[in-house]
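If you read the sequence shown in this note's numbering, its first letter stands for residue 41, the second for the next number, and so on. By construction, the Cβ of each residue, glycine as well, lies at the ideal position given by its N, Cα and C atoms. I have placed the structure first, in the form of C-alpha cells, so that the comments after it can refer back to it.
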Amino acid sequence: MPKLRKAATEPYKQLMVELPLSEYQILEEYCQQPQETKGQVVLTWIRRLKSHLSSNES
Numbered sequence: 041m042p043k044l045r046k047a048a049t050e051p052y053k054q055l056m057v058e059l060p061l062s063e064y065q066i067l068e069e070y071c072q073q074p075q076e077t078k079g080q081v082v083l084t085w086i087r088r089l090k091s092h093l094s095s096n097e098s
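Put into C-alpha cells, the structure is as follows:
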C-alpha cells in the first residue's frame, strides 16, 4: 500500500527529469534494493540536501 502524504502546507510543483538511459538504469536498480519508488528516492535525497544545507547555515 503506498504511503500517504501529510496535508500540504505549501504548494506543490511537479518535476520531470530526462536522464541518459545508463543513469536511469542505476536509479531503477537502486529503487529495487530498498523497494522504494523513484519519487520516494528523489524526495528522500531532497530532504537530505535540505537538512545538509540548513546545518551548514548554522
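Residue span of the alpha helix (DSSP H) that contains residue i, given as start and end
i: Lys90; result: 78-97
i: Leu67; result: 61-72
Cβ neighbours of residue i in the same chain (closer than 7 Å, five flanking residues each side left out)
i: Trp85; result: none
Same chain only: Cβ atoms within 8 Å of residue i, ignoring 5 sequence neighbours per side
i: Lys53; result: none
Cβ-based neighbour list, residue i, same chain, cut-off 6 Å, excluding 5 preceding and 5 following
i: Tyr64; result: none
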